[in-house]
Amino acid sequence: MAKKKVEKKEDSFASKLGNFFSTVWHYIRTGRDYFWVGVRFILATGIFLFVALSVIGSLISPLWEGSDKVDPAGKVVVFKPSGVVVDQPPSEPAAEWYDEFNFDFAGNESPIYYPYQDMLEFFEDFKNDDRVSTMIFDPSGLGVSIVYALPIAQKIKEAVDAGKEVVVRSDYMVATDYLLASGASEISTSTYGIIDIQGFGGARQYLKNFFEKFLITPRIYAAGDFKTGPESFLRDSMSEEAKVNLAFYEPLWAKWKNFVYENRNVDMQWIADESFQEIIDGSTTPRNAAMDWGMIDFQEEEEDFDKRMIEKYGASEDDEEKLNVVYYRDYLASFEEEMPVNSDNEIKVVTVEGTIMSGDVTFGTAGSDGVVAMLKEAHEDEDTKAIVLRVNSPGGSVVASDYMRWEIEKAQEKGIPVVVSMGTLAASGGYWISSLADKIYAEPDTITGSIGVYSTMFSFEKIYDWMGINYDGYSTTKYGAFDFTAMDWPEEFSDAFKAATDSIYVQFTTQTAEDRGLPIETVREIAKGRVYSGEMALEIGLVDELGTLHDAIDYAASVAELEDFKVEHVIPPAPAPVNPFELPGLIQNFFEKEVGFDLNSRNMYDNIRIYCLECEAID
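What follows is the structure in structure tokens.
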């Protein structure tokens, strides 16, 4: 039987259209299903996180929420800092997170930044607080420059002289730590506690031979005989000029020794230079040396120290085996907040802290973008009647420093007085931005001056030649295809780079003479990259008066003719998030901060620095 032939019918247009919409609807429905699955997942995750964080918050919130409920009366204040003394904490998310959550669960919080003025006020408040009489203080975790350590140590001594007891307990102390400890009522260490006193000084690596062996050509140009920071790239030993610049250590060391001797009756010069001979000849041992020489009062383990403190100052009501204490953050919270000053007159404090570079303000870096934004915020506010510029910087980029100067000039053009208060450092670029102020205050031991300029470039043409690599190209101009890191420099290029460096030095000295009202001959004589203390700078006219930040604020109020005013510290804008572990960024940061060389720039001015490498040694 023959099969019936079946003819395949072609789908009609309507059928095709129906299939198309059916397919579209299928994908829409599938997407809808996935969408609602995603929504449910997000909602469930959100609810879980909310509940989890609520539970965690309820558990740990008493650790800080209880701060305002703690009554410190009769308790021992415990201060074990773990952080760095700065003029102003940077606005970094990482810093804020650390500040909030880096604590032990006994309530001893450890912020990473301690504002210098807050440190002074903390010990002053302790001295005047009738509720408490004793503090246990461990200075070993406090990173502080010697310039700031001296006034803080004096505050501790004033508290002891006023009848307070400050007990120092530490297992390891360097010079600044021991300075803070020396004015205390007593000093206790563990049996093998270490007090490391080596004196003050500065040394750096000299790389001439290294560069020669590895075929690296440093292109260094310095304007100013004492602008010796980059000499380590060209020499194999320290120059006499560099040693002269480091002479600022001498008065600092003298003040340190005298303060310790007045409080402990210990000859620290002998300790640093000769005491090890007694260990060698067996007169004492490393274990007993600090006690034998009178540097400490007690040598005891932590358990014994705790027992002695409990016997002397009393146990906690909740636990007889624990001392009755109040921790630093809780103690601060126990003070009543000062009522804000009701005034429309504001004195804005703008802090320039760290190496001056382009970009954001971060820890250790005074980014010009951030500082300019802070200055702009200050002078554009109609309530601002004066600006106090707190400078703590060794200098840095010429371009970045000039951006700051321009913004300061804008404020002055509006009739707003600008007063500078120098901190630990206001050298080189730090002085460049300070000199045009209406008045300059410096701390007695501020390191300033270093009016000089240097430029740094490095070329690697010898390495390429050794490897057999040759650079060549085509350009419509003489140097359009020139790569200054890979090719040998023509003489005229080197001459131009040196001329640019010299030109900026002339500008620096001329500006200083005009800003300070000094004869240009005088400035040329005291410049040359020389470094001065605040006391020396006052004598030669680089600063106007010795004083603190508060002195500068008071003067700003007087020159602005203010009877009432409030002080506002301008907060740096938060920087954009970065990956600190990104290798290229780390390399760039090293070259820019430590060497003064921008790997990414072909602009010669980006690699010219008004920077005091010598000054960084005291940080």
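The sequence shown begins at 207 in my numbering and counts up by one.
Where a beta carbon is used, it is the ideal one built from N, C-alpha and C, also for glycine.
Everything numeric in this text was worked out from a predicted model, so none of it was measured.
Review point. By Cβ distance, which residues of its chain are closer than 6 Å to Ala592, with the 5 residues on each side in sequence left out?
Key: Stepping through the sequence shown from its first residue, residue 592 is reached at position 386. Ile553, Pro623, Ala762 and Ala766.
Practice item. Could you check what DSSP says for Phe343 in three-state terms: helix, strand or coil? Key: Reading the sequence shown from its first residue, position 137 is the one you call residue 343. Three-state result, Phe343: strand.
Check your understanding: Can the beta-carbon of Gly629 be found less than 7 Å from the beta-carbon of Asp377?
Key -> As a working note, residue 629 is residue 423 in the sequence shown. As a working note, residue 377 is residue 171 in the sequence shown. No. Outside cutoff.
Review point. How far does the beta strand (DSSP E) with Ser627 in it reach, from first residue to last?
Key: Residue 627 sits at position 421 when you count from the first residue of the sequence shown. Where Ser627 is concerned, the enclosing beta strand (DSSP E) stretches over Val624 to Ala633.
Review point. Count the other CB atoms within 10 Å of the CB of Pro725; is the residue buried (16 or more) or exposed (fewer)?
Key: By 1-based counting over the sequence shown, the position of residue 725 is 519. Its Cβ having fewer than 16 others within 10 Å, Pro725 is exposed.
Check your understanding: Taking the runs of the alpha helix (DSSP H) that are 4 residues or longer, which of them lie wholly in the segment 696–734?
Key -> 697–722 and 726–732
Check your understanding: If you follow the beta strand (DSSP E) that Leu595 is part of, which residue opens it and which one closes it?
Key -> Counting from one through the sequence shown, the residue named residue 595 turns up at place 389. Residues Thr590 to Ser599.
Point to revise | Limits of the unbroken beta strand (DSSP E) element including Ala572 | key: Numbered from 1 along the sequence shown, position 366 holds the residue referred to as residue 572. Taken as a continuous stretch (DSSP letters only), the beta strand (DSSP E) holding Ala572 covers Thr571 to Gly573.
Review point. Does the distance from the CB of Glu372 to the CB of Ile358 come in under 7 Å?
Key: Start at 1 with the first residue of the sequence shown, and residue 372 comes out as number 166. Start at 1 with the first residue of the sequence shown, and residue 358 comes out as number 152. Note that residue 372 is Val in the sequence shown, not Glu. Taking 7 Å as the Cβ cut-off, Val372 and Ile358 do not qualify as a contacting pair.
Check your understanding: Ala429 bridges to which residues according to DSSP?
Key -> Counting from one through the sequence shown, the residue named residue 429 turns up at place 223. Ala429 pairs with Val659.
Check your understanding: Counting only runs that start and end within the segment 364–406, where is the beta strand (DSSP E) found for 3 or more residues in a row?
Key -> 371–375 and 392–395
Point to revise | Residue environment, Val203, which counts as buried when at least 16 other CB atoms sit within 10 Å | key: The structure shown does not extend to residue 203, since the chain is modelled only from 207 to 825, so the question has no answer here.
Practice item. Return the chain-ordered list of same chain residues with a C-beta closer than 8 Å to the C-beta of Ser522, the five sequence neighbours on each side being excluded. Key: Counting from 1 along the sequence shown, the entry for residue 522 is found at position 316. Closer than 8 Å at Cβ, skipping near neighbours: Lys528, Leu529, Asn530 and Val531.
Point to revise | Three-state secondary structure (DSSP) of Arg815 | key: The residue labelled residue 815 in the question sits at position 609 within the sequence shown. Reduced to three states, the DSSP call for Arg815 is strand.
Review point. Excluding five sequence neighbours on each side, which residues of the same chain lie with their C-beta closer than 6 Å to the C-beta of Glu392?
Key: Translated into positions along the sequence shown, residue 392 becomes position 186. Counting only Cβ-Cβ distances below 6 Å, and skipping sequence neighbours, we find Val373 and Asp503.
Point to revise | Pairwise C-alpha distance: Leu631 and Leu452 | key: Here the question's residue 452 lines up with position 246 in the sequence shown. Here the question's residue 631 lines up with position 425 in the sequence shown. Going by the C-alpha atoms only, they are around 14 Å apart.
Review point. Does the beta-carbon of Arg722 have 16 or more other beta-carbons within 10 angstroms, so that it is buried, or is it exposed?
Key: Working through the sequence shown from its first residue, we reach residue 722 at position 516. Buried, because 16 or more other Cβ atoms sit within 10 Å of the Cβ of Arg722.
Point to revise | Stretch-stretch touch, CB-based, cutoff 8 Å, three pairs: the segment 432–447 with the segment 411–419 | key: yes
Review point. Leaving out five residues before and five after Glu583 in sequence, what residues of the same chain have Cβ atoms less than 7 Å from its Cβ?
Key: Looking up residue 583 in the sequence shown gives position 377. Val776.
Exercise for review: For Cys818, I'd like the list of residues in its chain whose CB is within less than 6 Å of its CB, leaving aside the five on either flank, ordered along the chain.
Suggested key: If you number the sequence shown from 1, residue 818 lands on position 612. Taken in chain order, the residues that qualify are Pro600, Gly601, Ala633, Ser634 and Ser656.
Review point. Alpha carbon to alpha carbon, what distance is there between Pro295 and Pro278?
Key: Position 72 of the sequence shown, counted from the start, is the residue given in the question as residue 278. Position 89 of the sequence shown, counted from the start, is the residue given in the question as residue 295. Rounded to the nearest angstrom, the two C-alpha atoms are 27 Å apart.
Review point. Would DSSP call Ala617 helix, strand or coil?
Key: One-based indexing of the sequence shown puts residue 617 at position 411. Of the three classes helix, strand and coil, the one that applies to Ala617 here is helix, per DSSP.
Check your understanding: If you drop the 5 nearest sequence neighbours on each side, which residues of the same chain put their C-beta closer than 8 Å to that of Gly347?
Key -> The residue labelled residue 347 in the question sits at position 141 within the sequence shown. Only Lys286, Pro287, Ser288, Gly289 and Ser316 meet the Cβ criterion.
Check your understanding: Using the beta-carbon count (16 or more within 10 Å), is Thr491 buried or exposed?
Key -> Within the sequence shown, numbered from 1, the residue matching residue 491 stands at position 285. The residue is exposed, with fewer than 16 neighbouring Cβ atoms inside 10 Å.
Point to revise | Tyr680 burial status per 10 Å Cβ neighbour count (16 or more: buried) | key: By one-based count along the sequence shown, residue 680 stands at place 474. So Tyr680 counts as exposed.
Exercise for review: Give the C-beta separation of Asp575 and Gly560 to the nearest angstrom, bearing in mind that I take them to be a contact with Cβ-Cβ under 8 Å.
Suggested key: For the purposes of this step, residue 575 is taken as residue 369 along the sequence shown, with counting starting at 1. For the purposes of this step, residue 560 is taken as residue 354 along the sequence shown, with counting starting at 1. So it is not a contact: roughly 13 Å between Cβ atoms.
Review point. Where does Ile187 land, buried or exposed, given buried means 16+ other C-beta within 10 angstroms?
Key: Residue 187 is absent from the structure shown; the chain starts at 207 and stops at 825.
Review point. Near Ala368, what residues of its chain come up, given a Cβ to Cβ distance below 7 Å and the 5 sequence neighbours on each side ignored?
Key: Indexing the sequence shown from 1 puts residue 368 at position 162. Within the same chain, Ala368 has close Cβ partners Lys333.
Exercise for review: Please state if the CB of Phe511 and the CB of Arg375 are separated by a distance shorter than 7 Å.
Suggested key: For this step, residue 375 is matched to residue 169 along the sequence shown. For this step, residue 511 is matched to residue 305 along the sequence shown. In contact: Arg375 and Phe511 (Cβ atoms closer than 7 Å).
Practice item. Could you check how far apart the C-beta atoms of Val625 and Val594 are, in whole angstroms? I think they sit under 8 Å. Key: In the sequence shown, residue 625 corresponds to position 419, counting from 1. In the sequence shown, residue 594 corresponds to position 388, counting from 1. Correct: roughly 5 Å between the Cβ atoms.
Check your understanding: Leaving out five residues before and five after Ile485 in sequence, what residues of the same chain have Cβ atoms less than 8 Å from its Cβ?
Key -> Here residue 485 is taken as the residue at index 279 of the sequence shown, counted from 1. So the list reads Thr491, Pro492 and Ala495, once near-sequence residues are dropped.
Review point. Got a sec, what are the start and stop residues for the alpha helix (DSSP H) Met444 sits in?
Key: Reading the sequence shown from its first residue, position 238 is the one you call residue 444. Element bounds for Met444: n/a, residue is neither H nor E.
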